[in-house]
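Under the numbering used here, think of the first position of the sequence shown as 794, with each following residue one higher.
Note that CB positions come from ideal geometry on N, CA and C, so glycine has one too.
The structure under discussion appears below in the form of structure tokens.
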Amino acid sequence: MQKSLYIRGGLLVDPESGTEEASDLYIKNGYITPAPSHIPADAVIIDAKDLVVTPGLIDVHVHLREPGNEAAETIDSGSKTAAKGGFTSIVSMPNTDPATDSPELVSMIKGKGTLCGHVRVMPSGCITKGRQGKELADLEGMAKSGAVAFTDDGSTVTSDTIMADGMRLAAKLEKPVLDHALDPAIAAKGVMHDGARSRQLSLPGIPSRAESEIVERDIRLAGKTGCVVHIQHVSTSESVDLIRRAISMGLKVSGEATPHHLALTDEEVLAEDANFKMNPPVRSVSDRAAILSAVADGTISVLATDHAPHTSEAKKKSFITAPFGIIGLETAVGITYNLLVKSGKMTLIEWLRRWTTGPARVLGQPAPNLKYGSPADITIFDLNSEWTVDSRHFISKSRNMPFNGRRLTGKAVYTILKGKLTWNATL
């Protein structure tokens, strides 16, 4: 029988209700319940003095690489990494090998995630067969098997007709489309932001309009189809403006920002280090400022990591030939807390909403909260803890990210899934 948990003396912050109070929290049989007058002798007691207790974080954009690239990450290692980062639920991307475009693969990923038990693994399914953009995948079958969203992430559905058909079916199934917006014809062979820095480094650039033109198209299609459309990894000020306008028009459109697009610009890119290579690329100073402002004012309502592991061998290739992507689950809290809350750009509770209620709303799920009767998915933070990023100590199988040596404040010290401790930094 599962032992009860007693979290004593923490600051309880509930983004859903907007409350912050110093109190205790009791968990029994996987749910938050009123504490008994006498705590059972066998209860697990967590001293949360000077710690912050919140609903568990949700990441709607994670690459687990299984099946197909288990050398970089597996469902087990990736979900364990997520638990360390403070996440209790993650949405896995379907750009696996083979692509997650069938009910069978969706069931496999969901089942293996449940078996691992570190976080709640929620698979997304492909919009098109094989992510080829030519024919719709079995969206209905995947939804029945547990797919929570549809996306060809890593590729863009370039056909207006196929994308519109996919959106109509997703709307009928009451599932969101997670939109990888990058026109491959415009991006061509670009590997970083198209600007003065790319020319200085003699690297082919990806113009901003490669993103914004697809964002504009898919906002238009969202209006026509009634589909919930979530713009992934927003990287340009033009995309921010388009999302802001769509929201003002009452369309079911939202956007996400990644820690790396909040933290970096193209001016920091080093031609000899492919750990600065991601898709979409980090862009200009003004783009970064626009994204920071949009997260702070709520135009961008979701933070997401786009955790994209690659082996060291793959990232040691030249900037031109190395794969796109960086890992982010273990640094996301520290980077975004420092840039957004510690800097004074937004309140603690608003920052937490970008990691909890915002993602839940995109997925059409109940907002996580700390009310009695709610599932005990909990993250406990030490927001005063100072630490230095060192990927040698990461749980992820991969090390590809450009933040080694960066000083951060804030990290998850306990993660609880359905009343079970899945991460304990004190051990």
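DSSP three-state label for residue i, please.
i, result
"Lys982", "coil"
"Ile786", "In the structure as shown, the chain begins at 794 and stops at 1220. Residue 786 is therefore absent and cannot be evaluated."
"Arg1200", "strand"
"Asn1162", "coil"
"Leu1210", "strand"
"Val1155", "helix"
"Lys965", "helix"
"Ile1188", "coil"
"Asp987", "coil"
"Ala1089", "helix"
"Ala1015", "helix"
"Pro1000", "coil"
"Leu975", "coil"
"Gly959", "helix"
"Leu1220", "coil"
Under a Cβ-count criterion, where at least 16 other Cβ atoms within 10 Å of its own Cβ denotes burial, should residue i be classed as buried or exposed?
i, result
"Lys1190", "buried"
"Asn1068", "buried"
"Met1223", "Residue 1223 cannot be examined here, being either before or after the span of the chain that is shown, 794 to 1220."
"Ile838", "exposed"
"Lys968", "buried"
"Arg990", "buried"
"Asn1197", "exposed"
"Tyr1165", "exposed"
"Gln993", "exposed"
"Lys1204", "buried"
"Lys982", "exposed"
"Gln795", "exposed"
"Ile1173", "buried"
"Gly811", "exposed"
"Ala930", "buried"
"Gly1137", "exposed"
"Pro827", "exposed"
"Gly1157", "exposed"
"Arg1081", "buried"
"Arg1185", "exposed"
Measuring straight from C-alpha to C-alpha, what distance separates residue i and residue j?
i, j, result
"Asp890", "Pro860", "6 Å"
"Thr954", "Val984", "28 Å"
"Asp840", "Leu1014", "50 Å"
"Glu1143", "Pro808", "7 Å"
"Val914", "Leu1044", "28 Å"
"Leu798", "Tyr819", "6 Å"
"Gly939", "Asp1090", "33 Å"
"Gly1118", "Ile979", "19 Å"
"Ile902", "Pro916", "7 Å"
"Gly934", "Arg961", "15 Å"
"Asn1162", "Asp843", "20 Å"
"Ser1047", "Lys1109", "35 Å"
"Pro896", "Asn888", "15 Å"
"Leu975", "Ala1083", "19 Å"
"Ala1107", "Ala865", "9 Å"
"Gly823", "Gly904", "19 Å"
"Thr1229", "Gly998", "Nothing can be reported for residue 1229: it is not among the residues displayed for the chain, which extend from 794 to 1220."
"Thr1219", "Val1206", "7 Å"
"Glu1065", "Pro833", "58 Å"
"Glu863", "Gln925", "22 Å"
"Val846", "Asp946", "33 Å"
"Trp1180", "Lys937", "43 Å"
"Val1021", "Arg1154", "10 Å"
"Asn1217", "Ser952", "47 Å"
"Thr1149", "Gly878", "14 Å"
"Arg858", "Pro829", "44 Å"
Residue j and residue i - do their beta-carbons sit closer together than 8 Å?
i, j, result
"Val884", "Val853", "yes"
"Ile1209", "Asp1170", "yes"
"Phe943", "Ala957", "no"
"Glu1009", "Val1027", "no"
"Ser1094", "Arg1038", "no"
"Val970", "Gly959", "yes"
"His986", "Thr949", "no"
"Gly918", "Asp894", "yes"
"Ser1032", "Glu1004", "yes"
"Ala1125", "Pro1073", "no"
"His1100", "Gly1121", "yes"
"Leu1055", "Leu1035", "no"
"Thr881", "Leu850", "yes"
"Lys1211", "Pro1168", "yes"
"Leu1201", "Val806", "no"
"Ser872", "Val912", "yes"
Nearest chain B C-beta to residue i closer than 8 Å, yes or no?
i, result
"Arg990", "The chain inventory of the structure shown lacks chain B, comprising one protein chain alone."
| Ranges of the beta strand (DSSP E) found wholly within the region 824-858, counting only runs of at least 3 | 824-826, 837-840, 845-848 and 850-855
| field | Runs of beta strand (DSSP E) lying entirely within the region 870-957, each at least 3 residues, in chain order | value | 880-885 and 913-916
| said: Going residue by residue through the region 1019-1082, where are the continuous alpha helix (DSSP H) segments of at least 4 residues, counting only ones entirely within it? | reply: 1030-1041 and 1052-1056
| task | Identify every run of the alpha helix (DSSP H) within the region 1094-1150, keeping only runs that are complete inside it and at least 4 residues long; order them along the chain. | result | 1105-1108, 1125-1129 and 1141-1148
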